[in-house]
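One structure below.
2 protein chains.
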Amino acid sequence: MKDFSFSLIATDGMARRGRIDTPRGEIATPAFMPVGTVGTVKAMYPEQVRATGADILLGNTYHLMLRPGAERVAALGGLHTFMDWERPILTDSGGFQVMSLAKLRKLTEQGVTFRSHIDGSAYDLTPERSIEIQTLLDSDIIMQLDECLALPAEHKEMERAMELSLRWADRSKTAFGHQPHRALFGIVQGGDDAELRVKSAAGLKSIGFDGYSIGGLAVGEPQETMFRVLAELTPELPADKPRYLMGVGKPDDILGGIERGVDMFDCVHPTRAGRHGHVYTRFGVINLKNARHKDDPRPIDEASPNPNCRRFSRAYLHHLVRTEEILGAMILSQINLHYYQELCIGARVAIEVGALADYAAQTRAAWASGDLPPH
Amino acid sequence: MKDFSFSLIATDGMARRGRIDTPRGEIATPAFMPVGTVGTVKAMYPEQVRATGADILLGNTYHLMLRPGAERVAALGGLHTFMDWERPILTDSGGFQVMSLAKLRKLTEQGVTFRSHIDGSAYDLTPERSIEIQTLLDSDIIMQLDECLALPAEHKEMERAMELSLRWADRSKTAFGHQPHRALFGIVQGGDDAELRVKSAAGLKSIGFDGYSIGGLAVGEPQETMFRVLAELTPELPADKPRYLMGVGKPDDILGGIERGVDMFDCVHPTRAGRHGHVYTRFGVINLKNARHKDDPRPIDEASPNPNCRRFSRAYLHHLVRTEEILGAMILSQINLHYYQELCIGARVAIEVGALADYAAQTRAAWASGDLPPH
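Those protein sequence lines, which keep their order, are chains A and B.
If you use the working numbering, the first sequence corresponds to residues 1 to 375, in order.
If you use the working numbering, the second sequence corresponds to residues 376 to 750, in order.
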């Protein structure tokens, strides 16, 4: 059984090909982590998620602390046993969703108090309690509690939230203690301000973490702002630790993140888009609700390595989406998660051979070429 | 490639063990047919349905004629290709759901006109058009159009509907013509009146069908009434043709139907119950919404041949049901369909060895013993 560690295998420009070892298995990076919000990647069996190529899942502390509750999950053997996923799980700190979902929230130096959006019951979340919850879930990669602002935001606000997040990082490190079989990641904040970001990174480095998350991006700012912040920030992060861009994104966000030195990504987008009839392919995005697919016997992509892209006609998928059948959500979620993994696999191979620029250019050209012409 | 045929393999009292051959494969009887309402067994991939043991699916003519439309399905290669199910499909005539779902319906000697419950558009359904639609869908086992009344009903009404259904049976037979690779079933009507039922059966036999459906049961009457009608009716049906009890039922309805000489069953109940948190096991029905399961680490049934009954805790399934996660509908639909197939497999084996009475008694005793005691 291996402890948590990160190995850098190859670089190509700022991009990195790496491997994370954990007691529950390896994670090839750059990695996309499907989101299993409340103990399930929506509309997928765990073995179907694994079969798309996912090495690791994400679980949401906020959702799980409300239902079924961290102590309950622990009594039932931890989140892996609970959801029958034996490979690594990363958990967030809960802070982001407290800010976006919970009611009557109040932030103090100590932490945040809030009421559940489900039944109004009251909760406290402190840096220490967040670590405790994530440990009860038996998470393999734990996040510090931080304060994440939406952008645009005032400089003063960004500075205050970044400084608070740093103090919480310090408390999180103390609370986490020495647990070599799992990892604690600090979270860089500082909004769209390079100086604040660098200061945040320096503060976290001096505390020392197993990995560095980049929070507070993809929160309302243009993609170019996100890419600028990433390019300014990642050189400031330790080369020998993984970097995780939280909550990102669409395929082109991920490709751009990889080019700027990010190792890990997560997003609900592929499964949510699938439930709404949108699928991602090497030719870009397809809206299966569109009437152009109604009589189209062609599959999504007959050259795809994914059987679901070859076996069902567009007409059938259109029909499932229009009739709001659960099978539509199942198939389209699978297609999107599979495509995200294909994108990461391609990037990993390209970085190893020093050809990421070509891979990225070809990938973007295919996206730009668009879907098949109408039937 | 075999034409449609039925072979009676063994009998045990009134119960029958048989085999239906079709060009798309064998159907072991007694058979339970999962319902793929609108071109999908809800929340299941076709291969998952097959893996539960299903030899044949049912498709609903009413739903499919509205969306995506029979001519469209035909242009796309038929229903089997459309939904990627290569084994046999039975279709109903559409009549039952016109009566239960459609708006502004008007019944005449000629047929029925109605408006779609989805968008109000107008349709005609005659015995001839129903055969045409089912042929466009490329159904393997086709039903005549009939008029199905809810019970209780006036004797005069039951007689009128039965006589109309007989005249429609005759027109259906003419419209169907000679198609040995598929089957046309006549439908016995006559409500809860033995004399009318026998008269209906005699009329259908004199026309001559590949199989005999029993319609107009499980439409509001007590189970004992249904069982009485079955016991009176099945001796009047040809021994060398399959008998199909339409739209039935719960496991104890199916066991009772098998004991009274029925060969085929279909019902939305197992998948619908699954979507509502109810699962069927050899110990009866379990309501997973119930708080007693909240902390229960035990699986549904650790001795079940179905992996989904062994791998997930009751606490996890309770959580999925409470959070209304799609995976809950997926797992519980699968568990129910699997249990229905186990029930039919057990009955088939028992009939072959002349032990159906023992099998039925043991099955009912286990149902009566109830679920595991609380954790």
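A virtual CB, placed ideally from N, CA and C, is assigned to each residue, including glycine.
Being a predicted model, the structure only gives us computed values, none of them experimental.
- For a Cβ distance threshold of 8 Å, residue set K294, D295, A315 of chain A lies close to B:R447, ordered along the chain.
- Under the 8 Å criterion on CB atoms, A:M158 is classed as non-interfacial with respect to chain B.
- In this structure, A:P152 lies away from A:G203, with their beta-carbon atoms at least 8 Å apart.
- Contact between B:V448 and B:L441 fails: their C-beta atoms lie close to 12 Å from each other, not under 8 Å.
- Around the beta carbon of B:R546, 16 or more other beta carbons sit within 10 angstroms, so the residue counts as buried.
- Interface with chain B (8 Å Cβ-Cβ cutoff): A:A329 is included.
- B:E611 is a Cβ neighbour of B:V573, given a cutoff of 8 Å.
- At least one CB of chain B lies nearer than 8 Å to the CB of A:D84.
- In the three-state DSSP reduction, A:H293 falls in the helix class (H, G or I).
- Closest by C-alpha distance to A:S116, out of A:M99, A:T126, A:I187, is A:M99.
- With a threshold of 16 other beta carbon atoms within 10 Å, B:G552 falls short and is exposed.
- Under DSSP, A:I20 forms a beta bridge with A:F6, A:I27.
- Cβ atoms of B:G583 and B:V563 stay farther apart than 8 Å, at about 14 Å.
- Straight-line measurement puts the Cα of A:L145 at about 5 Å from the Cα of A:S93.
- Residue pairing by DSSP places A:M264 opposite A:A31, A:Y244 in a beta bridge.
- Across the region 398 to 411 of chain B, no CB contact with chain A closer than 7 Å is found for any residue.
- Between the region 608 to 624 of chain B and the region 694 to 707 of chain B there are fewer than three C-beta pairs closer than 8 Å, too few to call the two in contact.
- Just measuring C-alpha positions, the residue of B:Y587, B:L630, B:P613 sitting nearest B:Q598 is B:L630.
- Chain-ordered listing is empty here: chain B has no CB closer than 7 Å to the CB of A:V49, the nearest sitting near 10 Å.
- A:S165 counts as buried, since no fewer than 16 other beta carbons sit within 10 angstroms of its beta carbon.
- The three-state secondary structure of B:H651, taken from DSSP, is coil.
- Within chain B, no C-beta atom comes less than 8 Å from the C-beta of A:H338; the nearest is roughly 15 Å away.
- Only residues of its own chain outside the window of five on either side were considered, and among them L605, L620, V623, F640 have a CB closer than 7 Å to the CB of B:G632, listed in chain order.
- In the DSSP assignment, B:N683 falls within the unbroken alpha helix (DSSP H) covering 682 to 686.
- A residue is called buried once 16 or more other Cβ atoms fall within 10 Å of its Cβ, and B:T646 is buried on that count.
- At a cut-off of 8 Å between beta carbons, B:H694 contacts chain A.
- Going by beta carbons, B:I726 and B:A450 fall outside the 8 Å limit.
- When 8 Å is used as the limit between beta carbons, B:K417 is near these residues of chain A: E325, I326, L327, in chain order.
- Taking a 10 Å sphere around the C-beta of A:T174, we find fewer than 16 other C-beta atoms and assign the residue as exposed.
- For the region 140 to 192 of chain A, the continuous beta strand (DSSP E) assignments of 3+ residues that do not extend past its boundaries occur at 141 to 143, 183 to 188, in sequence order.
- DSSP places B:L500 inside the beta strand (DSSP E), whose first and last residues are 497 to 500.
- Judged by DSSP secondary structure, A:L317 falls within the alpha helix (DSSP H) whose first and last residues are 314 to 322.
- Scanning chain A for C-beta atoms nearer than 8 Å to the C-beta of B:Y437 yields nothing, as the closest lies near 13 Å away.
- For B:V413, the chain A residues whose C-beta falls within less than 9 Å of its own C-beta are H319, L320, T323, E325, listed in chain order.
- Nearest neighbour of A:M14 by Cα position, chosen from A:P373, A:P34, A:S369, A:A355, turns out to be A:A355.
- Scanning its chain for C-beta atoms nearer than 7 Å, with the 5 sequence neighbours on each side dropped, one finds around A:L90 the residues M33, I56, L58, S139, D140, I141, in chain order.
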